[in-house]
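Numbering (my numbering), first residue to last: 3 to 382.
Glycine included, every Cβ here is placed at the ideal spot set by N, Cα and C.
Structure first, then comments.
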Amino acid sequence: MQDPWLLTPGPLTTSMSVKQAMLRDWGSRDSEFIALNRRIRNRLVAIAGANRTHVCVPVQGSGTFAVEATIGTLLPRDGRLLVLVNGAYGTRMVRITQVMGRSVTSIETAENVPVSPSALADALAADPTITHVAVVHCETTSGILNPVSEVAAVCEQAGKPLIIDAMSSFGALPLDAAHVPFTAVVASSNKCLEGAPGFGYAIVRQDALEAARGKAHSLSLDLEDQWRGLESSGQWRFTPPTHVLAAFDRALTEHEDGGGVAGRGARYRRNHQVLVDGMAELGFETLVPRALQAPIIVTFLMPADPRFVFETFYDALRQKGFIIYPGKLTIANSFRIGCIGRLGEAEMRGALAAIRETMAEMGVSSGAPAPSLTPVPTGT
Ligand SMILES: Cc1ncc(COP(=O)(O)O)c(C=O)c1O
């Protein structure tokens with residue numbers, strides 16, 4: 003029996019062969035498993051175009067663990083982080099830094115407005131105590147794409163290390179160290195590379211990692227210590243998620259076979275186009291204009307028709323084999339539909355047919371939001 007298709011930002015639908023790769027037990031100190039880890043780490047650095055400058059350090063846990071490990075390892079105790087915020091994951095990086103007791107500031111823009119490289123340049127000029135900058139590539143809260151190339155250029159000009167949370171974009175949207183000078187990119191196993199959840203990873207400049215020795219706030223989240231362990235023995239310091247790593251290795255092979263970042267991005271762009279066009283025909287409106295939207299996840303504004311009840315809509319789609327995602331916005335009532343995972347045009351068209359049928363069952367003739375719901379972009 004087919005599980006429901008996950009139209010969510012991860013965990014997401016994986017291929018049968020990725021699932022089957024988990025049907026083996028691995029000795030974590032065994033040479034075959036050590037080789038598998040080396041292969042994964044090398045492939046991830048290659049995807050980032052960073053072979054000569056960066057190394058890959060995986061860490062147990064979800065994506066947030068990897069973000070926390072990266073900030074805690076790279077930001078010195080007397081450092082100060084500036085986070086560009088336009089959604090929940092930017093806000094989370096501020097919170098992570100506050101919890102570890104390190105200095106942090108932010109520049110906030112509205113959830114439907116990209117972060118501003120010029121505001122960043124002004125802030126760096128005005129506050130010389132800022133030592134590091136962090137930004138989210140695709141802010142999954144809304145699905146907006148942030149201008150990371152421009153942000154990286156400003157950071158390079160100012161000599162500030164940049165941490166990019168590319169959790170929901172890495173592997174599908176280009177992020178190449180040769181064009182985007184970053185110090186660290188962070189992502190996880192269960193997003194655009196289509197693995198199972200269980201670990202995150204950072205692709206970090208080796209010189210920055212070496213300079214961070216002994217600076218982390220935590221033992222288990224110390225990326226420099228984790229890296230030295232992996233380099234010296236090929237082994238994880240603490241129990242690795244063996245099955246998830248085996249699945250990820252298989253997922254990376256499928257990523258390569260499907261044309262790498264360009265191939266994955268093209269499939270997701272097609273999914274996105276089919277979804278947004280089909281939803282527009284039903285009257286739905288997106289939060290973010292198409293030009294600012296990443297082909298990862300789409301935020302739709304809640305329909306004005308009082309007969310549209312999100313929970314009923316969600317349950318009916320679930321019954322028809324599609325799982326969607328609630329909204330996470332603060333500025334408008336909304337829900338989200340993802341375009342990522344082992345899905346193609348046929349599944350997106352299937353979802354649209356299920357949505358059309360569900361609307362008819364609910365007696366809702368249009369997905370149009372109330373005019374007051376359509377947020378006007380604010381901020382810079
Ligand atoms: C951009 C971004 N950052 C961080 C996270 C946190 O990842 P996790 O939920 O795996 O901890 C997510 C999760 O969706 C994300 O989309």
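{"Asked": "Please find out if some non-hydrogen atom of ligand 1 comes closer than 7 Å to the beta-carbon of residue 167.", "Found": "yes"}
{"Asked": "Is there contact between the stretch 63 to 75 and the stretch 112 to 121, where contact requires at least three CB pairs shorter than 8 Å?", "Found": "no"}
{"Asked": "Excluding sequence positions up to five away, which residues of its chain have a Cβ less than 7 Å from the Cβ of residue 223?", "Found": "61, 67, 70, 71 and 74"}
{"Asked": "Taking buried to mean at least 16 other C-beta atoms within 10 Å of its own C-beta, is residue 382 buried or exposed?", "Found": "For residue 382, the pLDDT reaches just 39, beneath the cut-off of 50, and the residue's location in the model is therefore unreliable, although a value from the coordinates is still provided. Residue 382 is exposed by the Cβ-count criterion."}
{"Asked": "By Cβ distance, which residues of its chain are closer than 7 Å to residue 35, with the 5 residues on each side in sequence left out?", "Found": "28, 29 and 244"}
{"Asked": "Do three or more CB pairs link the stretch 160 to 173 to the stretch 192 to 211 at distances below 8 Å?", "Found": "yes"}
{"Asked": "Ignore the nearest five residues each way along the sequence and tell me which others in residue 314's own chain have a CB closer than 7 Å to its CB.", "Found": "364"}
{"Asked": "At what residue ranges does the stretch 40 to 120 contain a whole run of the beta strand (DSSP E), taking only runs of 3 or more?", "Found": "56 to 62, 82 to 87 and 105 to 110"}
{"Asked": "Measure the C-alpha to C-alpha separation of residue 293 and residue 204 and round it to an integer number of angstroms.", "Found": "28 Å"}
{"Asked": "Could you tell me whether any non-hydrogen atom of ligand 1 is closer than 7 Å to the CB of residue 11?", "Found": "yes"}
{"Asked": "Measuring from the CB of residue 66, is there a heavy atom of ligand 3 at a distance below 7 Å?", "Found": "This structure does not include ligand 3; its bound ligands are ligand 1."}
{"Asked": "In whole angstroms, what is the alpha-carbon distance linking residue 305 and residue 127?", "Found": "44 Å"}
{"Asked": "Can residue 91 be considered in contact with ligand 1, in the sense that its beta carbon sits closer than 7 Å to one or more heavy atoms?", "Found": "yes"}
{"Asked": "Pick out whichever of 320, 333, 309 and 323 has its Cα sitting closest to the Cα of residue 302.", "Found": "333"}
{"Asked": "Indicate the three-state DSSP secondary structure (helix, strand or coil) for residue 190 in the structure shown.", "Found": "strand"}
{"Asked": "Using the Cα positions of residue 257 and residue 16, report the straight-line distance between them to the nearest angstrom.", "Found": "12 Å"}
{"Asked": "Given 7 Å as the limit, tell me if residue 220 has its C-beta closer than that to any heavy atom belonging to ligand 1.", "Found": "no"}
{"Asked": "Could you tell me which residues DSSP puts in a beta bridge with residue 202?", "Found": "61 and 190"}
{"Asked": "Return the residue from the list 340, 253 and 7 that minimises the CA-CA distance to residue 274.", "Found": "340"}
{"Asked": "Assign residue 22 to buried or exposed, taking buried as 16 or more other Cβ atoms, counted over all protein chains shown, within 10 Å of its Cβ.", "Found": "exposed"}
{"Asked": "From residue 82 to residue 156, what does the alpha carbon distance come to, in whole angstroms?", "Found": "17 Å"}
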